[in-house]
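Participant: Listed in order, the protein sequences are those of chains S and U. The opening residue of the first sequence carries number 1 in the working numbering; numbering runs sequentially from there. The opening residue of the second sequence carries number 1 in the working numbering; numbering runs sequentially from there.
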Amino acid sequence: MKNNNNKSYYFANHFVKSWNAIITVFVLMIILGSCENVLIEEPKSLSAETFYNTAEEVEGGVNAIYLPYQSSFSLADYISIKESFSDYLVGRNTFFNNFQGLSTTNMNRTTGMWNLFYLSIRNANLVIKYAPQGKNISQADIDKYVGEAKFMRAFSYFQLVKNWDGVPLRVETNMLDVDLKRSTAQETYDLIIADLLYAEAKLPETAALSGRPSKYAAKTLLADVYLQTGNYAGSRDKAGDVISSNKYALVPVKTVDDFQKIFGPDVVTTLEEIFYTKGTRQSGLGTPFVMHVNHSNTRFHGAGGWFILYSWSTIPYYTGWDDDDKRKELWYDINMGLVGKTMMNKKFIDPLAPSNSGAGNDIPWYRYADVLMMYAEAEARIGGLTAEAMETLNQVHRRGYGYDTKTSSPVDFKLADYNASSFLDLVVKEYGYEFQLEGKRWSQLKRTGKAAEIILAMKGTAIAQKHYLWPIPISEMNFNKAIDPVKDQNPGY
Amino acid sequence: MAEQAPARMNASFNLESEGGISPSISTLKPLKLMKNNLRRQLIMLSKRLIYAFLIQLFFCSVILANTGNAQLKNIQEVKISMNLQEKSLAQFFKQVESKTDFKFTYTDNLIDLKQAVTVGENDKSLYDVLVAVSMQTNLRFVQVNENIHVKLVTGNKGNSVEVMELQEVTVSGKVIDEGGEPLPGATITVSGTTTGTVTDIEGNYSITVQEGSVLVFSFIGYEPIRVPVDNRSQIDVTLMEDVSSLDEVVVIGYGTVQKSDLTGSVAVVKGEDINSFPSNNVIQALSGRATGVQVLQNNGSPGGNVSVRIRGTNSVQGSNEPLYVVDGFPLSGNPTQLLNNGDIESMQILKDASATAIYGSRGANGVVIITTKRGKSGATKVDVETSYSIQTITKKLDLMNAYEYATLYNEGAVNDGVSPRFTDAQIQSFGKEGTDWQDLIFRKAPMSNTSVNISGGNEKTQFSLSGSVFKQDGIIIGSDYNRYSMRTNLNHDISSKLSVSLSSTLTNIQSNRMNSGGGSRGTELISGILSSPPILKPYTDDGTYTVLGVSPYPFIATVMVNPLNYIYEQTNVLKSNTILTNVAVSYKPVKDLTIKIAGGIENLDERIDRFTTTKFLNSRGIANVRTTQFKSLLSENTVSYNKSFGKHRIDALAGLTYQNFIQTSLEGSGSGFINDISQTYELQAANTLGIPLSSYVQSTLISYLGRLNYSYNDKYLATVSSRYDGASKYSEGNKWGYFPSAALAWKVSEEDFFKNISGISDLKLRAGWGFTGSQAIDAYATLNQLNSSKTVFNDALYTAYAPGTRLPGDLKWETTESMDIGVDIGLLENRLTLTVDYYNKITRDLLNLVQLPSSMGFLTTIQNVGKIQNRGFEIGVDAYILNGDFTWDVNANISFNKNEVLKLYNGQDILGGRVGVTAVNDNVNILREGRPIGQFYGYVEDGYTVEGKIKYRDLNKDGAITNADKTYIGDPNPDFIYGLNSSMTYKNFSFTFFIQGVQGNDIYNVSSINSTLDYGLGLNMPRDVYLNHWTPTNATNAKYPKFAEKSVTLASDRFVENGSFMRLKNIQLAYNVDVKKLGVSLIRNIQLYVSGQNLLTVTKYSWWDPEVNSRGGSNSMDQGFDVTSYPNYKSVTLGIRAGF
């Protein structure tokens, strides 16, 4: 193959010539390639490592503790599920509650709530951990913000322990430990109380903004925690502190529409407010729960309504209720296509809400009425029924009828008519009227041990034991190796 | 030398135009195939292919060993003994061939092979034997080297047996192209031998061959030509550019390769297939065209998304979409918003690691290389095509009419113990049919596509300009998709060493979208169409939209929105401009060496306007505008060196590339408007202003790449390639990844021992192995970022900073190791070609979503743990069954893939596929070791209770139905996918049909959950529910439970349906106008056609259409879901294609 030999020679000749060019290009490439610093990421947003240095930054971190509660559909579910457990409301459809434990759908919903509370706890832990390390922040500010974070952490743990019993206790020191055992209820309450005592000491007398806790919010929450744990003296004292501070009062009511001055979407704050989750009339920043308790026919909610919670006008709760009580008038008849006369409640409405997450109402976790009721109960439980206990209960009762709260009225309960035991029944009854739709009733029925009796009387249903606690979510069971999926699960699940 | 018919036919045989014998392939047969019935032979052959192949290979080797070195003998010297009494001529040939090295060649329709001959000679010379046979048969034999050519005796009888000895001659000449330019590097081989040479830089060659040889001239991108040498010493050849078989040259990453030289697994889809029927994007048109490529259409909406999976799903966390490279530019996403189908010259799908490793960290999911049409030197050509289609929904669902609805809900009321929903008088008043909501929303919708392409140029400059308009109205009123596209491709040679090229596209999209899928109980458009009660009229007497969920039928769900609201009172408009421009300068300092410096920009400006009017149910007007700006800059610098010397050929490539990606966005919104006039164009008029949002994301990729192709003697081919990628997305110290690959190929058919095998004209074995990567994470995923958002105090907004719910961690590359073994077989002169591949891919360091206990506040983190395997078979067949007046080509492909999750973090299951349709709220698929990705997971039904409620199987027998009773209930991954294209022409008519199918996949029909089991809320349902629900008298065969409100529904196997389908994707009849007869010299060609798309579908799937993947996208977990999506369409098209 002579031809091909020639070719090879030709190739070799040209190869040398082209070599220079190849080298040149490679040198170029290496120079270009050495600019590896272009691989360093420089996002135009903040990173956790360099945050929490100034008061403003720490406040930004504190604000995030509230985010999971803000405009949360899980929070709406939380309230609605608990209200469907009450003696006066029925959950429609998948919220349907047979008191035999949770349905699959509701079980998934409680997972959402678990996540919500723990997300808030994480954000609180970040502040508690990093704020003291801040480079440019005063000790006073550190105390204030850590106090606020601890209040919120205690608040979330309180929701958890009431519904799940003892839970894994994530604090600033173990927040990234994947496997963490389930603590006992006692341990959980110990943490809650420690956090609240710290918050009580560090929080300001008056919160800078409505929606943030004050010293008195911490006292109120403590009063509730003590009541829950049977420390009635502690509860009475903390509630007493709030009352005697004279910072709070019940908002007077003349007609049923006046309740909108307490719960309405346009209310910014009131004298009655102690600790609320705030909403504003803007999509994604309002209170989704309002969607649950309205019906599109009424136009009480700008985006319609999902009428998840309703009731029947035939239940003893309603039929045995004095017609003069203005709070009874919050109920209205609505035909939902079901047998019997169905009713809904217009405590939470916002006809101008721009979307289902845009109602301007707040979630009233603690208002002055709570404090009065706690005081009444705790006081009566310590040494029997007293005039103070009756007076605080009567203040709430009078307001419900449109009377001045501080002066006696024709509807007052008389001290002579009650003993300690019947007074407690009276407190439970009044509580049901005062806090309808606020998601507090189920906890109270459970705490006072009246749930089985009252539910049987009102709804004709026997409560299964497993119904009192919710299941630890699968997402916790499967991935937290320190929790035994069988042994550590709540009974019945 | 007219008798010089080759014993073994070559692929290019039919190109022999200078030979004296009839060139028609159908008239020539090799000896071993004696019947004319080619089709039967095809079937036979394909059946026994592997057998025959192995046996023949074995025997050939033996023969080779015996005779390989034997000197060629003259027939007078060869002695032979045989005894044939009245046996057929064919048997005589066979005996002689088996006893000697000679082969008979003949034109078989001229020779009667059945005629009887008698030969009883012992130890005679073959010459004498042939003389004897000649006298019996009137045949003439001519020995030419080892061939004995058989001819009929014509004219005067001369010597009936003749021997011709061949002399060596030296032939020289010049090879030029159509434009007269010399073609350096063109290959000249002696047909049937391995002897050959190449042309020099002036296109000259010189070669010494035996007299009577046939020279084959070939050059990449040109049609090879066969020229018998005769007695000539000077043969000049003009090679014509290969237009008939574009697949001769395959575009691979950063270069091209001759298809026969491929070592990797690459499928080629021609532009004409992509453009054969109207479809709204390039990717959709790819469906069913190539092995290993699964195109998943998310829904049927105009401009709707499609997903592509090449050889299965590799990644859990990251994208599983292939990398798209358009004219050398690696796109950030897919080209659906960029390219007009008519601009596509070809698409190459690189499937195995040896082909994709050159794309390194972006190659793991395969690479789709798209080449657009470029100009060719010569007269300026104008091609115009236009088509008009009418689309309708593939199938309407058979829903209850008013009478059935009312009757059923009355039955439900009885079951629920409430008073009847409707009185008899009311039922009477509804009429029998009531409102057909499907008819109110679906329409016959037109689609038109017009494009003009002007191309041409001279030897220095070539250009191609095109403009196109694609307009599709959706089958849902108000939806449309309009694409206006302009494309310019330029090539210019500045000098013989320096050239520049430009590829540039500008595409404008304007689309009104009605994609409001999902939802439940009629809360979104599509579920509204299904659920709206037929008893209600769409409008009230005052002309406003009927509010469905209000009195007089309060049991009807109030969440249900009259679907006309979405149609007429809500808009979602996408406007975008996409620019893709790529400029390259090529410099050839010396022959064989090319330095290419290319730069490109991909730029997308997109604006989405969404508006809900004040007339929409419960709306005070909501406006939202989102704009996105995306920019990718590319710099590519490569050096390539291509050289042949002797039997060696080298193609080497080295390069450095840099690409960066920046995306910014801005979003504004407002709600509460006093009227609908300003829409989204005056956000400041809103009562409540939304919080403005803006974002910035940037990432960079730097790569070094190299590839070496080596071929020896055109028989043995090797490829080694690698890429070293540095990406900003990964953590410090893990930014760089190395992705090597190697492949070998052996052209068995080029071996000497193979020459004796007829039937198999081409055989190549390939094997490849390599690593590729996947950029499975987003930019900044390894950083501890804080997100900002707003919270409320008082009644005002305050800023909050918090981490997300994913805990960041150090991450490195996800790598896929893959192996591919393939064989390419050409049978019967390559009239039947077969490509078979087996592959095995294992993705390691899988970026795996690791679930954290939610008490951490972080729900997940990502870690490099986990392994996924995909393995499978692919078979592609191209058959040219008939040619002549009636031609018939068939291409078929079938691909099998098996996906298995091998390892997950701590063996942890990952739950996915969340279905939240109120009635059911659960995870319905699971990622678990040993199971495929997307495994459907749920409860198993077990008939009905005595009360007619659904009974679920208590699998763990603990007496309760809990999460532990969930099991595997279906698999969205198909067993196999296939496509079949048949194309026939007769005279001026051509008829094609294209069938595409998927077999063995399941669809999770989420749409049917509310539609068939959510009783008591007044939702309309399929008529089947009315006819087939449980009643005390219809308890055993009922398909649905008792019609009562308070029934518990779980995510069960009931909703998992067989999603297999076979679809007549396109059927077309075309008429090519005889332009010459028209006598209009201006017109080159005119084709008129009528076609139909999706006209026939064979499927058991109960809902609108089995081609649905509602949750489709780059993420893989949620495959095979039908969640009330925009349904698919079928269409009839009229079109014309003309060239001037």
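In this text, a Cβ means the ideal position worked out from N, Cα and C, and glycines have one as well.
1. Within 10 angstroms of the Cβ of Gly328(U), are there 16 or more other Cβ atoms? Answer buried if so, exposed if not.
2. Just to check my reading of the structure: Asn864(U) and Leu811(U) have Cβ atoms closer than 8 angstroms, yes? What is that Cβ distance to the nearest angstrom?
3. Measuring straight from C-alpha to C-alpha, what distance separates Leu846(U) and Ser479(U)?
4. How would you write the range of the alpha helix (DSSP H) that Tyr78(S) sits in, first residue to last?
5. Starting from His295(S), find everything on chain U with Cβ-Cβ shorter than 7 angstroms and list it in chain order.
6. Which one of Asp1105(U), Arg707(U), Glu732(U) and Ile390(U) has the shortest CA to CA distance from Glu41(S)?
7. Measure the CB-CB distance between Gly134(S) and Asn246(S) and report whether it falls below 8 angstroms.
8. What's the gap between the Cα of Tyr704(U) and the Cα of Ala285(U)?
9. Based on Cα-Cα distance, which residue from Gly809(U), Tyr1015(U) and Arg289(U) lies nearest to Tyr1040(U)?
10. Would you identify the three-state DSSP class for Ser311(S), choosing helix, strand or coil?
11. Please report whether the beta-carbon of Met240(U) lies at a distance below 8 angstroms from any beta-carbon of chain S.
12. Can a CB atom of chain S be found closer than 8 angstroms to the CB of Leu338(U)?
13. Please classify Tyr1126(U): does DSSP put it in a helix, a strand, or coil?
14. With 8 angstroms set as the bound, which would you pick, yes or no: does the beta-carbon of Asn794(U) sit closer than that to a beta-carbon of chain S?
15. At a Cβ threshold of 8 angstroms, is Phe81(S) touching chain U?
16. Taking CB distances under 8 angstroms as the criterion, tell me whether Phe275(S) reaches chain U.
17. Using 8 angstroms as the threshold, is the C-beta distance between Phe277(U) and Gln1087(U) below it?
18. I'd like to know whether the C-beta of Thr799(U) is nearer than 8 angstroms to at least one C-beta of chain A.
19. Whose C-beta lies closer than 8 angstroms to the C-beta of Leu426(S) among residues of the same chain, with five residues either side of it excluded?
20. Counting only beta-carbon separations shorter than 8 angstroms, does Arg236(S) have a partner in chain U?
21. Distance, Cα to Cα, Glu385(U) vs Ser983(U)?
22. Mind listing the chain U neighbours of Tyr157(S)? Cutoff is C-beta to C-beta under 9 angstroms, in chain order.
23. Mapping the DSSP letters down to three states, classify Pro228(U) as helix, strand or coil.
24. Return no unless some Cβ of chain S is closer than 8 angstroms to the Cβ of Ser855(U).
25. Using 8 angstroms as the threshold, is the segment 803–820 of chain U in touch with the segment 71–86 of chain S, meaning 3 or more CB pairs across them?
26. Just how far apart, CA to CA, sit Val227(U) and Tyr712(U)?
27. Compare the C-beta of Leu222(S) with all C-beta atoms of chain U and state if any pair is closer than 8 angstroms.
28. Which residue marks the beginning of the alpha helix (DSSP H) containing Ser547(S), and which one marks its end?
29. Can you list the residues of chain U that Asn480(S) reaches, using a CB-CB cut of under 8 angstroms?
30. In or out: Ala1070(U) buried (at least 16 other Cβ within 10 Å) or exposed?
31. Determine, using beta carbons only, whether Lys261(S) and Val268(S) come nearer to each other than 8 angstroms.
32. Taking the beta carbon of Ile1009(U) as the centre, do at least 16 other beta carbons fall within 10 Å, making it buried, or is it exposed?
33. Counting along the chain, where does the beta strand (DSSP E) carrying Tyr839(U) start and finish?
34. Checking contacts by CB at 8 angstroms: is Ser671(U) closer than that to chain S?
35. Less than 8 angstroms between the C-beta atoms of Phe873(U) and Phe896(U), yes or no?
36. Using beta carbons (cut-off 8 angstroms, strictly below), is Ser475(S) in contact with chain U?
Facilitator: Taking the geometry as given:
1. Around the beta carbon of Gly328(U), a 10 Å sphere encloses 16 or more other beta carbons of the protein chains shown; the residue is thus reported as buried.
2. About 6 angstroms separates the CB atoms of Asn864(U) and Leu811(U); that is less than 8 angstroms, so the two are in contact.
3. Their backbone Cα atoms lie some 40 angstroms apart in a straight line.
4. Secondary structure note for Tyr78(S): its alpha helix (DSSP H) is the uninterrupted segment Phe73 to Ser84.
5. Chain U residues near His295(S): Thr558.
6. Nearest of Asp1105(U), Arg707(U), Glu732(U) and Ile390(U) to Glu41(S), Cα basis: Glu732(U).
7. Cβ atoms of Gly134(S) and Asn246(S): not closer than 8 angstroms.
8. Distance between the alpha carbons of Tyr704(U) and Ala285(U): 33 angstroms.
9. Restricting attention to Gly809(U), Tyr1015(U) and Arg289(U), the CA atom closest to the CA of Tyr1040(U) is found in Tyr1015(U).
10. Secondary structure at Ser311(S): strand, using DSSP grouped into helix, strand and coil.
11. At least 8 angstroms separates the CB of Met240(U) from every CB of chain S.
12. Leu338(U) does not count as touching chain S.
13. Residue state, collapsed to three classes: coil.
14. Interface residue, yes.
15. Looking at the sequence itself, residue 81(S) is Ile, so the reference to Phe does not match. No, because no Cβ of chain U sits closer than 8 angstroms to the Cβ of Ile81(S).
16. No, Phe275(S) lies away from the interface with chain U (no Cβ there is under 8 angstroms from its Cβ).
17. Phe277(U) places its beta carbon 8 angstroms or farther from that of Gln1087(U).
18. The structure shown contains no chain A; its protein chains are S and U.
19. Here the set comprises Leu393, Phe413 and Tyr418.
20. Arg236(S) does not count as touching chain U.
21. For Glu385(U) and Ser983(U), the distance between alpha carbons rounds to 20 angstroms.
22. The contacting residues do not exist; Tyr157(S) stays about 11 angstroms from chain U at best.
23. Per DSSP, reduced to three states, the secondary structure at Pro228(U) is strand.
24. In terms of beta-carbon proximity, Ser855(U) lines the interface with chain S, with at least one pair separated by less than 8 angstroms.
25. These segments do not touch.
26. Rounded to the nearest whole angstrom, the C-alpha separation of Val227(U) and Tyr712(U) is 25 angstroms.
27. No, its Cβ sits nowhere closer than 8 angstroms to a Cβ of chain U.
28. The structure shown does not extend to residue 547(S), since chain S is modelled only from 1 to 493, so the question has no answer here.
29. Think of a sphere of 8 angstroms around the beta carbon of Asn480(S): the chain U residues whose beta carbon falls inside it are Pro853 and Ser855, in chain order.
30. By the neighbour-count definition (other C-beta atoms within 10 Å, threshold 16), Ala1070(U) is a buried residue.
31. Contact flag unset, no.
32. Burial call: buried.
33. Per DSSP, Tyr839(U) belongs to the beta strand (DSSP E) from Leu832 to Arg844.
34. Yes, because at least one Cβ of chain S sits closer than 8 angstroms to the Cβ of Ser671(U).
35. Their beta carbons are under 8 angstroms apart, which means Phe873(U) touches Phe896(U) by this criterion.
36. It does: the Cβ of Ser475(S) has a partner Cβ on chain U nearer than 8 angstroms.
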